[in-house]
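Written out below as structure tokens is the structure these notes cover.
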Amino acid sequence: MPELPEVETTCRGIRPHLLGQTISAVEVRQPKLRWPIPAELSTATGQTIHAVTRRGKYLLIKTDTGTILIHLGMSGSLRLVDNHQQPEKHDHIDIALSSGKLLRLHDPRRFGAVLWWTEKIETHPLLSKLGPEPLETAFDDDHLWRQSRGRKQAVKAFIMNGHIVVGVGNIYASESLFRAGILPQRQAGRISRQRYQRLSQTIREVLAEAIAQGGTTLQDFSNSDGQPGYFAQELLVYGREGQDCVACSAKIKIKVIGQRASFYCSKCQT
DNA sequence: AAAGACACCTGTCCGC
DNA sequence: TGCGGACAGGTGTCTT
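Mapping the first sequence onto the numbering used here, position 259 (from 1) lands on 1460, and the numbers just tick up by one.
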């Protein structure tokens, strides 16, 4: 479900409800997520929340003594509900707050994760090797160009690699490459610096626009208030195989690259 | 070191 | 209607 814009939308939505709150309880109904929810998470009880941030697609809830690290996987979502609201199927964990609200994780496929880390958060093994944030200055054409030299991988798989740049998932990879006019199957190492200039720009554009629209709702994404995202109507190629290209009217094609469906226009993208 | 396959899990949709 | 199979917004891990 969530790519960077959806995680950012969630982060912004939950932050005001969490800042300054004290965690009054942690209830785990289903500990079997991608990794088992650690027993030490219960030590978050009694701690006060000082910051709610995002790194890549990881949400970070910083408390006095440690950080709760949440990944939404493919199907996860977070909502704030009143503490008397009964949990439904796949509502795996509640973090109860002094306000009387619960931060509730819903995740049917259970590819998500909830972890606890007491050291400097950047040292967490899942975070320490991540590439730059696409909306920050460390991410640019020079970075993409240098990282890609010698790589034979398809450029789409390359930009979806979190060690190169975080947050570019399957939807926005196809969209960015379409806007940049680059074929997704092109070898990353054979793309010019000039074309990476364009690509770094379209990646930033697409992600920023999607955040402004509250993310993309394809099936069931909703923000922490239960509202859908509206970027789906801006998608130019994703999910549009067989339909007319918005630029040239050729039929949009689909091809599996790196085991992920990839959408493109073979006339506009070279 | 890099690239590809596979794994995790549930829900939905499509064709027969 | 039922059933099997493919597929879905992610990413760590294992194998080449």
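The beta carbon of each residue, even a glycine, is placed where N, CA and C say it ideally should be.
For clarity, every value in this text was computed on a predicted model and none was experimentally measured.
- Closest in alpha carbon position to Q1460, among Q1222, Q1354 and R1310, is Q1354.
- Distances from the CA of I1404 to each of G1370, A1226, T1254 and T1418 were compared; the closest alpha carbon is that of G1370.
- Residue state for D1343 is assigned as helix, using DSSP reduced to three classes.
- In the structure shown, E1204 falls within a coil segment according to DSSP collapsed to helix, strand and coil.
- Beta-bridge partners of P1237 (DSSP): K1233.
- Taken atom to atom, the span from the alpha-carbon of A1451 to that of D1445 is near 5 Å.
- In the displayed model, A1451 falls within coil according to three-state DSSP, outside both helix and strand.
- Approximately 16 Å separates the beta-carbon atoms of G1390 and H1364; this is outside 8 Å, ruling out the contact.
- In the three-state reduction of the DSSP assignment, I1392 falls in the coil class, being assigned neither a helical nor a strand state.
- Setting aside the 5 residues that flank it on each side, T1210 is surrounded in the same chain by I1412, G1415, G1416, N1424 and G1430, each with a C-beta closer than 7 Å to its C-beta; the list follows chain order.
- Non-local beta-carbon contacts of V1447 in its own chain, meaning distances under 7 Å to residues more than five positions away in sequence, involve L1437 in chain order.
- Taking every protein chain shown into account, the CB of G1221 has fewer than 16 other CB atoms within 10 angstroms, so this residue is exposed.
- Looking at the DSSP output, R1255 shares a beta bridge with L1260.
- Annotation note: the stretch 1409–1434 contains no uninterrupted beta strand (DSSP E) run of length 3 or greater.
- S1463 sits close to P1385, with the two beta carbons spaced by under 8 Å.
- Distance check between A1358 and each of R1311, I1383, D1341 and T1264 places I1383 closest, using alpha-carbon atoms only.
- About 12 Å separates the beta carbon of K1302 from that of L1279, a gap too long to meet the 8 Å contact definition.
- With a 10 Å radius around the Cβ and a threshold of 16 neighbouring Cβ atoms, K1321 comes out exposed.
- In the three-state reduction of the DSSP assignment, S1243 falls in the helix class.
- A contact between stretches requires three or more CB pairs, one per stretch, nearer than 8 Å, and the stretch 1283–1295 fails this requirement with the stretch 1332–1347.
- If you draw a 10 Å sphere on the C-beta of A1240, you find fewer than 16 other C-beta atoms in it, and that means exposed.
- At the C-beta level, I1269 and W1236 stay beyond 8 Å of one another.
- In the structure shown, K1468 falls within a coil segment according to DSSP collapsed to helix, strand and coil.
- Put simply, of L1260, H1218, F1312 and V1227 the residue whose alpha carbon is nearest the alpha carbon of T1244 is V1227.
- With 16 or more other Cβ atoms inside 10 Å of its own Cβ, S1349 counts as buried.
- F1312 and C1469 have their C-alpha atoms some 35 Å from each other.
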